[in-house]
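S.K.: Questions regarding the structure given below will be posed in turn.
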Amino acid sequence: MKLAVADAAIREVKSDMILGLGSGSTAALMIKSLANEIRLGKLQNIRGVATSFQSEVLALELDIPLIDLASVSKIDLAIDGADEVDPRFQLIKGGGACHVREKLVASKSEQLLIVVDETKLVQNLNQSFPLPVEVLPNAWKQVQEAISEMNSTSSLRMATKKAGPVVTDQGNLILDVLFDNGIKNPKDVEMKINNIPGVLENGLFIDLTDKVLVGKIENNTPVVYSPSRES
Ligand code: 5RP
Numbered sequence: 001m002k003l004a005v006a007d008a009a010i011r012e013v014k015s016d017m018i019l020g021l022g023s024g025s026t027a028a029l030m031i032k033s034l035a036n037e038i039r040l041g042k043l044q045n046i047r048g049v050a051t052s053f054q055s056e057v058l059a060l061e062l063d064i065p066l067i068d069l070a071s072v073s074k075i076d077l078a079i080d081g082a083d084e085v086d087p088r089f090q091l092i093k094g095g096g097a098c099h100v101r102e103k104l105v106a107s108k109s110e111q112l113l114i115v116v117d118e119t120k121l122v123q124n125l126n127q128s129f130p131l132p133v134e135v136l137p138n139a140w141k142q143v144q145e146a147i148s149e150m151n152s153t154s155s156l157r158m159a160t161k162k163a164g165p166v167v168t169d170q171g172n173l174i175l176d177v178l179f180d181n182g183i184k185n186p187k188d189v190e191m192k193i194n195n196i197p198g199v200l201e202n203g204l205f206i207d208l209t210d211k212v213l214v215g216k217i218e219n220n221t222p223v224v225y226s227p228s229r230e231s
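This is the structure we're talking about:
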């Protein structure tokens, strides 16, 4: 499913584009598919803007030319994965702790194309997937206390194969937040959380997405479709 949706996303790319390169397993497949098209000469003069250390290293390995976010005024198209997508295309991202740069890239992009498999589609955000919040290291406890006053519980994301917490590409920590009744008003929650001192950015992506490509399995075959956004 992920491979089919990653390949479908590359069909939206045209030569000469500046492309935002997302993070996560689906975005990684998209980057590999992009490198293949470049190698075959089907896409020319593509420049990528990485959203994470992961996408930067992968693009370098695959000889995709990269430019720095600060050196571009506009990105033509960003292609990225997501952890949850609601019917209005509001998203939760940050499962890979990359949402700070992902949101910067998405905000500078003319179009944000999201690539997911069907399991990521939800009616209401945050019923099961916790909202990632990037916090300054010495502020995590203070932020956690402030967030607990918003009818939610949070936990510090812990690393695997390393003692202690996950440390982001920017050197910060992640709190994963679950609201008691999910997130009913994502716009409001995005602003309220970002207003807490010590918070760098949260994983709610509001009104940034124009199109979602969804992969599913039908009769043992991967199929890709593009749902319409509910207003
Ligand atoms: C990383 C992200 C990813 O795009 C999101 O976690 C989806 O990843 P995957 O395609 O591996 O399910 O937001 O911060």
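Numbering (the numbering used here), first residue to last: 1 to 231. We put the beta carbon where it would ideally sit given N, CA and C, even for glycine.
When every heavy atom of the ligand 5RP is checked, does at least one fall within less than 8 Å of the C-beta of residue 26?
M.R.: Here residue 26 corresponds to residue number 26 of the sequence shown, with the count starting at 1. Yes - the ligand 5RP has a heavy atom lying nearer than 8 Å to the Cβ of residue 26.
S.K.: So, using beta-carbon positions, are residue 237 and residue 9 closer together than 9 Å?
M.R.: Past the boundaries of the shown model lies residue 237; the chain is included only from 1 to 231, so the question cannot be answered.
S.K.: Could you check where the alpha helix (DSSP H) with residue 58 kicks off and where it finishes?
M.R.: Walking along the sequence shown from the start, residue 58 turns up at place 58. Residues 53–61.
S.K.: From which residue to which residue does the alpha helix (DSSP H) around residue 7 run?
M.R.: Within the sequence shown, residue 7 is the residue found at index 7, counting from 1. Start and end: 2–10.
S.K.: In terms of DSSP beta bridges, what is residue 20 paired with?
M.R.: By one-based count along the sequence shown, residue 20 stands at place 20. In the DSSP output, where bridge partners are listed per residue, residue 20 has 49, 78.
S.K.: Helix, strand or coil, according to DSSP, for residue 155 in the structure here?
M.R.: Numbered from its first residue, the sequence shown carries residue 155 at position 155. Residue 155 falls in the strand class under three-state DSSP.
S.K.: Tell me whether residue 35 is buried or exposed, calling it buried when 16 or more other Cβ atoms sit within 10 Å of its Cβ.
M.R.: The residue labelled residue 35 in the question sits at position 35 within the sequence shown. Buried, because 16 or more other Cβ atoms sit within 10 Å of the Cβ of residue 35.
S.K.: Using only the alpha-carbon positions, how far apart do residue 153 and residue 87 sit?
M.R.: The residue given as residue 153 occupies position 153 in the sequence shown. The residue given as residue 87 occupies position 87 in the sequence shown. Rounded to the nearest angstrom, the two C-alpha atoms are 25 Å apart.
S.K.: Buried or exposed for residue 23, going by 16 or more other Cβ atoms inside 10 Å?
M.R.: The count along the sequence shown starts at 1 and reaches residue 23 at position 23. Per the 10 Å Cβ criterion, buried.
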